[in-house]
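Worksheet for the structure shown next.
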Amino acid sequence: MKKRFSKTKYIPILLILPAIVMLFLLIIFPLIWSFFTSLKRMTLLDLMLHKGKYIGFQNYVNIFKDSLFWNSLKNAFIFVALSVIGQVGFGLLLASILHDKSIKGPGIFRAIFLIPWIISSVVAAYSWTYIFDANLGFLPALAYNNPILKFLGFERKDWLTNPSIVIYILVVINIWKGTAFSILMQSAGLQSIPDSLYESSEVDGATTLQKFVFITLPLLMPFILINLIITTMITFNVYDLILLITGGGPNHASEVLSLYIYNRGFSWGDLGYAASLSLVLLIVNLTVTVLYLVFLRSRETS
43 MKKRFSKTKY
53 IPILLILPAI
63 VMLFLLIIFP
73 LIWSFFTSLK
83 RMTLLDLMLH
93 KGKYIGFQNY
103 VNIFKDSLFW
113 NSLKNAFIFV
123 ALSVIGQVGF
133 GLLLASILHD
143 KSIKGPGIFR
153 AIFLIPWIIS
163 SVVAAYSWTY
173 IFDANLGFLP
183 ALAYNNPILK
193 FLGFERKDWL
203 TNPSIVIYIL
213 VVINIWKGTA
223 FSILMQSAGL
233 QSIPDSLYES
243 SEVDGATTLQ
253 KFVFITLPLL
263 MPFILINLII
273 TTMITFNVYD
283 LILLITGGGP
293 NHASEVLSLY
303 IYNRGFSWGD
313 LGYAASLSLV
323 LLIVNLTVTV
333 LYLVFLRSRE
343 TS
């Protein structure tokens, strides 16, 4: 009996061991490697030759003097803030509409809304580039023959080359691509709310708006905050769409921090500096996440 117990007590450890190993290989080890790389002046050739000059925290000092870093950080906050508001807002709106009992076949609509999310970033990037292209773009061509669209300014041909608007065009594209995740999150939250609460409010004469404000929104808030956290973390790390559509241009006007890290590491070959930038991005991500969690905890306490 004692021998059998001594064998079985190791089973839980063996079951979680693969997850611990994967956690170390995919998260902890890359973080440690990035930190030590950030303390060196290292190029791609140095990496292959296992070289690199130790310079301490000089890379971090250089970050604060780097105008391109501050520009990319500003672009990142604009891109993330507007994308997250758009994705979570539209996700909540569409999830609420699909949750309505009068809607026929909500599953079909959910599947349609999932399409932008599941297609590859390459396909999405080239599709939107075609829409806004100055010479062959669908939108300028459509506006050319439509006086209303022409009056509204859709005939313009500098959608992706105008520094003043290019970041906002990318926000629209990112909202289109990522809203499906928010729809799924909010739909799960809406299905967890008992119908009896709505039925009781109808007996009391509550309007649709009152039911949403006093029943749906408070009970959905934990789902919304989790949605905000995940969407924020994902959006801070988006670089592929921007790389394929604008490359960060014109003149770094659409270069967000994640893309700047990619460019410094692989286009410029400055791996040490890119590693230090990636850790700064991690700190920014963690700071925003902690703020969300503090807000969530304060709501639960109150």
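Residues 43 to 344 in the working numbering are what the sequence shown lists, from first letter to last. Don't be surprised by glycine CBs; every beta carbon is placed ideally from N, CA and C.
Determine, for Phe-66, whether the minimum Cβ-Cβ distance to residues of chain B falls below 7 angstroms. Note that chain B does not occur in the displayed structure, where there is just one protein chain.
Taking only runs that begin and end inside the region 150 to 230, name each unbroken alpha helix (DSSP H) of 4 or more residues, in chain order. Entirely contained in the region 150 to 230, the alpha helix (DSSP H) runs reaching 4 residues are, in chain order, 163 to 174, 180 to 186, 189 to 193.
Does the Cβ of Trp-112 have 16 or more other Cβ atoms within 10 Å, making it buried, or fewer, making it exposed? The residue you call residue 112 lines up with position 70 of the sequence shown. Exposed.
What alpha helix (DSSP H) runs, 4 residues minimum, are completely inside the region 61 to 116? Fully enclosed alpha helix (DSSP H) runs of no fewer than 4 residues occupy 71 to 80, 86 to 90, 100 to 107 of the region 61 to 116, in order along the chain.
Specify the secondary structure class of Leu-232 as computed by DSSP and reduced to three states. Residue 232 sits at position 190 when you count from the first residue of the sequence shown. In the structure shown, Leu-232 sits in a helix (DSSP, three-state: H, G or I).
With a Cβ-Cβ cutoff of 7 angstroms, do Ser-290 and Glu-297 count as a contact? Here residue 290 refers to the residue found at position 248 of the sequence shown. Here residue 297 refers to the residue found at position 255 of the sequence shown. Just to set this straight, residue 290 is Gly in the shown sequence, not Ser. Taking 7 angstroms as the cut-off, the Cβ atoms of Gly-290 and Glu-297 count as close.
Which residues mark the beginning and the end of the alpha helix (DSSP H) in which Glu-244 is found? Taking the first residue of the sequence shown as position 1, residue 244 is located at position 202. Segment 237 to 245, the alpha helix (DSSP H) holding Glu-244.
Assuming Thr-221 and Gln-129 form a contact by the criterion Cβ under 8 angstroms, report the distance between their Cβ atoms to the nearest whole angstrom. For the purposes of this step, residue 221 is taken as the residue at position 179 of the sequence shown. For the purposes of this step, residue 129 is taken as the residue at position 87 of the sequence shown. Right, their Cβ atoms sit about 5 angstroms apart.
Pick from Ser-320, Asn-327, Leu-313, Gly-131: whose alpha carbon is nearest that of Tyr-90? One-based indexing of the sequence shown puts residue 90 at position 48. In the sequence on display, residue 90 carries Met and not Tyr. The residue with the shortest Cα to Cα distance from Met-90 is Leu-313.
Rounded to whole angstroms, what's the CA-CA distance from Ile-209 to Val-255? Just pull it up for me. If you number the sequence shown from 1, residue 209 lands on position 167. If you number the sequence shown from 1, residue 255 lands on position 213. In this model, Ile-209 and Val-255 are separated by some 33 angstroms (Cα to Cα).
Please list, in chain order, all residues of the same chain as Trp-105 whose beta carbon is under 7 angstroms from its beta carbon, the five residues on each side excluded. Stepping through the sequence shown from its first residue, residue 105 is reached at position 63. It should be noted that the sequence gives Ile, not Trp, for residue 105. The residues are Phe-111, Ser-318, Leu-319, Val-322.
Who are the near neighbours of Leu-251 in its chain, counting only those whose CB is closer than 6 angstroms to its CB and skipping five residues on each side? Residue 251 sits at position 209 when you count from the first residue of the sequence shown. Around Leu-251: no qualifying Cβ.
If you check the beta carbons only, do Trp-201 and Phe-223 fall under 7 angstroms apart? Residue numbering aside, residue 201 sits at position 159 when the sequence shown is read from its first letter. Residue numbering aside, residue 223 sits at position 181 when the sequence shown is read from its first letter. Result no, Cβ atoms of Trp-201 and Phe-223 do not sit closer than 7 angstroms.
Buried versus exposed, by CB contacts within 10 Å (16 or more), Pro-205: Sequence index remark: in the sequence shown, residue 205 carries index 163 (1-based). Pro-205 should be labelled exposed.
Taking only the alpha-carbon atoms, compute the straight-line gap between Met-64 and Glu-241 and give it to the nearest angstrom. For the purposes of this step, residue 64 is identified with residue 22 of the sequence shown, where counting begins at 1. For the purposes of this step, residue 241 is identified with residue 199 of the sequence shown, where counting begins at 1. A straight line joining the alpha-carbon of Met-64 with that of Glu-241 spans about 48 angstroms.
Leaving out five residues before and five after Tyr-350 in sequence, what residues of the same chain have Cβ atoms less than 6 angstroms from its Cβ? The chain is shown only over 43 to 344; residue 350 falls outside these bounds and no answer can be derived.
Cβ-Cβ distance between Ser-80 and Asn-101 below 7 angstroms: Here the question's residue 80 lines up with position 38 in the sequence shown. Here the question's residue 101 lines up with position 59 in the sequence shown. For Ser-80 and Asn-101, yes; Cβs fall inside 7 angstroms.
Spatial neighbours of Phe-337 within its chain, please: C-beta separation below 8 angstroms, excluding the five flanking residues on both sides. For the purposes of this step, residue 337 is taken as residue 295 along the sequence shown, with counting starting at 1. Leu-267, listed in sequence order.
Using a Cβ distance threshold of 8 angstroms, determine whether the region 138 to 148 contacts the region 225 to 233, with at least three qualifying pairs required. Contact between the region 138 to 148 and the region 225 to 233 is present, with at least three C-beta pairs closer than 8 angstroms.
Beta-carbon gap between Leu-212 and Ile-284 smaller than 7 angstroms: The count along the sequence shown starts at 1 and reaches residue 212 at position 170. The count along the sequence shown starts at 1 and reaches residue 284 at position 242. Contact flag set, yes.
Beta-carbon separation (whole angstroms), Phe-278 vs Val-122, contact threshold 8 angstroms: In the sequence shown, counting from the first residue as 1, residue 278 sits at position 236. In the sequence shown, counting from the first residue as 1, residue 122 sits at position 80. That belief holds up - the Cβ atoms of Phe-278 and Val-122 are roughly 6 angstroms apart, short of 8 angstroms.
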